[in-house]
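Heads up, the thing below is written out as structure tokens.
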Amino acid sequence: MIHLDQEQPQSKYRTPEELRKVLTDYLEGQAELLDQVITTFRDALPLYDHSHPEYPELVGQLGSLLRFRFNRDHNDYDIDDAILYLRECVTLDPYQWHSAHNLAAAYQFRYDNRHDKQDFEDAILLYRTSLSLLPGPAPIKCQLSRGLATKLLDRFLREGNPADMDDSITYGYEAMLPLHEDYVIAAIDTALSLKHRGFLRHDPMDIEDAIEICRLAVGCLADDDKLLPIALHRFAEILLYYFLYRGNNKQLVDEAILCCQEARALWKSTTAADFSKLLYFLGDALRTRFEHWGDMQDLTDAITLFRNILPSLPNDTNLLDRLGLSLQARHIHLGDKEDLNDAIAYWRKCIALTPMNEVNPAVGNLAIALKRRFELWDNKLETLDEAIELSRKGVAIATPGELNHRTCLHILGNILIVRYDHTKDERALHEAILRYRESLTFFSMDDRRRAKILSSLAIALVKLPDKKAHDEAISLHKEALELHPENDTVRSGILLTIAHAYLSRYNQHLDKSDLDDADGHARQSLELLGINAVDRIEVLRLLALISLAYFEHLSNQPDADHSDHVDYLDGSMQYFKESAESLPSGPFRCLKIAIEWTQYARKHRHGLALNAYARCFELLDTCLSVNESLEFRQEAVQSVPNTFALEASLYALQVGDTCRAVELLERGRTLLWTHISRYRVQIDHVMQNDEHAHELVTKFRNLSFVLSNSHATNGSKASEELKEENARHYESTVSEWRHIVNEIRKLDGLNHFLFPAPFSALQEAACDGPVIMLIAGLPCEAIIVFHAQPPLRIQLPADHAKLGGLALELWKTVRRTRNDAEGKLRGILQQLWDLVVFPVVVELQKVVKKRSRIWWCPTNVLSLLPLHAAGEYLRPQGKFLSQIYISSYTPSLSALLKARAHRNQVERKSFAAIGQAQPWDDSLPLMSVEQELDLVESLVPRNAIGFKKVGSDASTRNISLRTLQESEWVHLSCHGVQHLQAPYKSCFLMKDEPLTLLDISTTDLKNHEFAFLSACETATGDVSVPEEVIHLAAGLHFSGVKSVIGTLWEVEDETVGLLVEAFYKNMFADGKVDCTKAAEALSKALRSPAVKKMPLSQRIVFIHIGI
1 MIHLDQEQPQ SKYRTPEELR KVLTDYLEGQ AELLDQVITT FRDALPLYDH
51 SHPEYPELVG QLGSLLRFRF NRDHNDYDID DAILYLRECV TLDPYQWHSA
101 HNLAAAYQFR YDNRHDKQDF EDAILLYRTS LSLLPGPAPI KCQLSRGLAT
151 KLLDRFLREG NPADMDDSIT YGYEAMLPLH EDYVIAAIDT ALSLKHRGFL
201 RHDPMDIEDA IEICRLAVGC LADDDKLLPI ALHRFAEILL YYFLYRGNNK
251 QLVDEAILCC QEARALWKST TAADFSKLLY FLGDALRTRF EHWGDMQDLT
301 DAITLFRNIL PSLPNDTNLL DRLGLSLQAR HIHLGDKEDL NDAIAYWRKC
351 IALTPMNEVN PAVGNLAIAL KRRFELWDNK LETLDEAIEL SRKGVAIATP
401 GELNHRTCLH ILGNILIVRY DHTKDERALH EAILRYRESL TFFSMDDRRR
451 AKILSSLAIA LVKLPDKKAH DEAISLHKEA LELHPENDTV RSGILLTIAH
501 AYLSRYNQHL DKSDLDDADG HARQSLELLG INAVDRIEVL RLLALISLAY
551 FEHLSNQPDA DHSDHVDYLD GSMQYFKESA ESLPSGPFRC LKIAIEWTQY
601 ARKHRHGLAL NAYARCFELL DTCLSVNESL EFRQEAVQSV PNTFALEASL
651 YALQVGDTCR AVELLERGRT LLWTHISRYR VQIDHVMQND EHAHELVTKF
701 RNLSFVLSNS HATNGSKASE ELKEENARHY ESTVSEWRHI VNEIRKLDGL
751 NHFLFPAPFS ALQEAACDGP VIMLIAGLPC EAIIVFHAQP PLRIQLPADH
801 AKLGGLALEL WKTVRRTRND AEGKLRGILQ QLWDLVVFPV VVELQKVVKK
851 RSRIWWCPTN VLSLLPLHAA GEYLRPQGKF LSQIYISSYT PSLSALLKAR
901 AHRNQVERKS FAAIGQAQPW DDSLPLMSVE QELDLVESLV PRNAIGFKKV
951 GSDASTRNIS LRTLQESEWV HLSCHGVQHL QAPYKSCFLM KDEPLTLLDI
1001 STTDLKNHEF AFLSACETAT GDVSVPEEVI HLAAGLHFSG VKSVIGTLWE
1051 VEDETVGLLV EAFYKNMFAD GKVDCTKAAE ALSKALRSPA VKKMPLSQRI
1101 VFIHIGI
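Here the UniProt record's numbering is used: the first residue of the sequence shown is 1, the next is one more, and so on.
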């Protein structure tokens, strides 16, 4: 019965049939009528008594209409009213499934808009109620079951309640009605739930069932079915997850990638968003395959894929996040800073595009990247503090207990630990511990994901001095161990951390039982690893430290058997040796441990100490061989202490092995630039002229890259099958690498490729005169290398500190303008004679004729001193080195050998004089450049050599570089700039931009004979990195120029003109062109009357480098 309200206008009355007709018109396509229909229902419904049999249906229809309008307009009052009306409908007629379903949908809409957790809970409850009211199997029940399964899976992924996942799978199976049109979609959704459960509970049966369900679902679809690309995408996801779980079948990854590629080719009518997700997953899969098998092409393809999409989706946060992850992966494996910096930039943009209070995984990724940048090179606390604040933000935004919240808590704890390690700020350590404990509260006790948090907490606790903290740490590690079954390879890593915890407790409390427990757990860890396992290196290192602790413990026991504790020391050194030779771990990890090995072997004067040093240089040589980036190589060199070569040679001298001291010193010095000259000149030259050589060198670099990144092939979750497969693959790769190296050694000039040069070969550097290697230590030593007799060791009456002070005083003096500067300089050169040069001259005079040539090869602070100018300045009728011998310098014996090895085959040589008086920057103009170029032109014998002049108007960077390439003899008159922190950026300032040492070093200068660098500080060393003294002059020498004249400090215009004139007159006195006369010509020029009138500091500023 219709309730008549006399106060209502007659026009608002509507019968149920009339209301249905209005609704039907709307549903049949007259969408513009929605507002009118809602108004009609709102006006009519108050006229009905609630007991009217059709009132529940009508009020439910109004609620659904309001829900439709909310979906269109997003007005909050519509969804609130819709829920009120639909709730009334369910209350009045609680046994209609569709009423409960419609109300559940309205709650879902409001949850999606407001994220009120209670709305989502109410929606799921009503979906369950709706399903319970439906009779037996029916298509509509399948559809509702699928919807509820999806909602339950969503809640599980957010909150982690395993019951939700179980119910999701149950409803998913109910939705899989055979021959039903939604069968494929239901099957795929169910497979996803099974995947999640199998991955969480480590149950392969669930994941295998998921794969089978997906395979059947894909098989049901025709090639032109629009669902096929989606099904293939989901199938690929499950295959990849199964691989990540089992890790023993590359075919799973390959099939996943093929599925994605097939889906990409078939994609037609589905949404752009779904297509983007497919491409994202394809990129993720390619990155995963790279991380496990090291094929750089996969990672390159992933980065290229993401970057190709980026222009069309520049603000897609998912894309930016994935591109950041891929670039970070490439940085980890190649070491290029720019990749990590680019990744950081993408993550910053990703965060900027995300609403302030919205959860974003990029926050955690950016925090991790900043932490990595801090640890690797940045070392600025503000960088680390930014990472901490980002992690705090991630924790604050995420809903407590959800995945992102737990992840950010863990990341925050990890970064706080790094801050504590660098600052020893105990507040950071205690907060990290609290964050780890907080994260643990969101996991059930049997959740295996707790294991990682437990281990992190335990590692943090070990840093506390409290024994109770150590006890708890060990207990936590054991708890983490219990979460993994006996056959789980993760156990090896946990056993290792337990052993570390016991060793740490022993070191603090010296309880030998802790040492026994550490040893036992480390050995258990080792037993779980194959002979070629990547993580074996860390276990071996720990066993070395444990054996060392046993040795030191027994050494302090007066009644201990001496042979027992010596056996422990020998065992420790053998473990270190095996660890440093653990090739599957990659050369960089081996190098780090080898350096540690040298320190302990040296401390205990063990017989393997020299082998340890040799292994370090061998590994560093390999590290430098696998990446062509100069920055990468410089960072590799800087990973070794800058006095490491000195330390090695001094130890060899201590044990009486002078030849080995020379070998080690030669191997350890100028590593970076030796490799630049080796790869940029020798190998590349061979590649250009020999197809077989090109193939060999290309294979070498590719195989070296695979081996250096082999640590990526065995993750902590990898199975024994995967580790064995990778071991076989690695052994095969090593075998091929060794074969290629042997083949390269057959190439002309590369017989010592990756071999340390023996002393007998290094002696050839002294074929034209002895080379004096000066070692700055306590005390300082000199080694005279002769061509045909054993080396002579001389202990000098000076130490490193005294010579360091002398060098500092020298540099202060040469920069003075006061009248007393010359007197102080004479005193310094007198001390240099007494402390260094005179003891060497005494021995040389026994076997080397007067006015013979000698070469100085100084190290450390000695490389900053003008040895050639030493003499008895303060004594009447004093002796001077320049009167006795003709001095040259060399950065290394190898540089001299290389300069003598290649003979110029060019018949007609050319000489270029390049000058730049007013460069592109704001440097002060050089007033005498053009006159100097004219002077050089007048002195060069034109009948013997071609001449070209490039003046200030023409000397751009490119023209100067091309002229340098085309001319075997070069005179450069310009400003020189020395970059001490990045020596390859040292440069000559040209008209438009600098001509850098990097430009020069990458140029083939093998035919170049001579360079005169008439510029300031072209041969200046660096106190901070004295073993890599590659200034501009030495850089040219390493790049192939056989003979170079450079300057130690600033020169004056008058000095340059006088010296240049005197030098070239002597150089070309006989009209012949011979670069080996440069040292003698310089010596004669410095003794000329005009030059003798110059100030002493200007008279000794020029030096000769090379042959």
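Backbone N, C-alpha and C define an ideal beta-carbon position, used for all residues, glycine too.
Since the model is a prediction, treat every value here as computed from it, not as a measurement.
Which residues DSSP lists as bridging residue i, in chain order
i               : result
isoleucine 794  : Ala782
methionine 773  : Ile783 and Cys857
isoleucine 1103 : Gly1046
threonine 1014  : For clarity, residue 1014 is serine in the given sequence; the question names threonine instead. Answer is Ser973.
glycine 871     : Phe880
Integer-rounded CB distance, given that residue j should sit under 8 angstroms from residue i
i                  : j                 : result
valine 1060        : alanine 1011      : Not confirmed; about 13 angstroms, so no contact.
isoleucine 1105    : alanine 1033      : 5 angstroms
residue 1113       : phenylalanine 911 : Since the first residue of the chain shown is 1 and the last is 1107, residue 1113 is not available in this structure.
phenylalanine 235  : cysteine 214      : 4 angstroms
phenylalanine 1063 : alanine 1085      : 4 angstroms
alanine 544        : phenylalanine 576 : 4 angstroms
alanine 614        : tryptophan 597    : Alanine 614 to tryptophan 597, Cβ: 11 angstroms. No contact.
Residues near residue i in its chain [Cβ-Cβ closer than 7 angstroms; skip 5 each side]
i             : result
aspartate 76  : none
lysine 879    : Gly871 and Glu872
aspartate 274 : Ile230
DSSP three-state assignment for residue i, whether helix, strand or coil
i                 : result
tyrosine 889      : strand
tryptophan 811    : helix
leucine 969       : Leucine is not the amino acid found at residue 969; the sequence shown has tryptophan there. Looking at tryptophan 969 - three-state DSSP - the assignment turns out to be strand.
phenylalanine 755 : coil
alanine 522       : helix
cysteine 987      : strand
tyrosine 48       : strand
asparagine 742    : helix
glycine 715       : Below a pLDDT of 50, predicted positions are generally treated as unreliable, and glycine 715, at 40, falls in that range; the measurement from the model is reported next regardless. Looking at glycine 715 - three-state DSSP - the assignment turns out to be coil, as it is neither helix nor strand.
aspartate 690     : coil
glycine 147       : helix
cysteine 659      : helix
Close-in-space but distant-in-sequence residues of the same chain around residue i (CB under 6 angstroms, 5 per side omitted)
i              : result
glutamate 1027 : A caution first: glutamate 1027 carries a pLDDT of 48, below 50, which makes its placement in the model too unreliable to give a value.
glutamine 297  : none
valine 1023    : Note that valine 1023 scores a pLDDT of 47, beneath 50, so its modelled location is shaky and nothing firm can be said.
proline 56     : Cys89, Leu92 and Asp93
alanine 187    : Met176, Ile213 and Ala217
alanine 821    : Thr813
residue 1154   : With the chain represented from 1 up to 1107, any question about residue 1154 goes unanswered, as that position is not in the structure.
Element boundaries [alpha helix (DSSP H), containing residue i]
i              : result
leucine 924    : No alpha helix (DSSP H) contains leucine 924, which DSSP labels as neither H nor E.
serine 456     : 450-462
glutamate 1055 : In the sequence on display, residue 1055 carries threonine and not glutamate. 1053-1067 is the span of the alpha helix (DSSP H), which, as asked, contains threonine 1055.
serine 639     : Premise fails: serine 639 is in no alpha helix (DSSP H) and is neither H nor E.
glycine 198    : 183-201
methionine 296 : 296-309
histidine 830  : The displayed chain sequence assigns glutamine, not histidine, to residue 830. Unbroken alpha helix (DSSP H) run through glutamine 830: 821-832.
lysine 385     : It is worth fixing the name first, because residue 385 is aspartate in this sequence and not lysine. Residues 381-397.
leucine 653    : 644-654
lysine 349     : 337-353
lysine 467     : 467-482
methionine 205 : 204-219
threonine 129  : 117-133
Extent of the continuous beta strand (DSSP E) run through residue i
i             : result
threonine 996 : 994-996
glycine 946   : 946-950
alanine 913   : 910-915
Cβ-based neighbour list, residue i, same chain, cut-off 8 angstroms, excluding 5 preceding and 5 following
i            : result
arginine 158 : Thr399, Glu402 and Leu403
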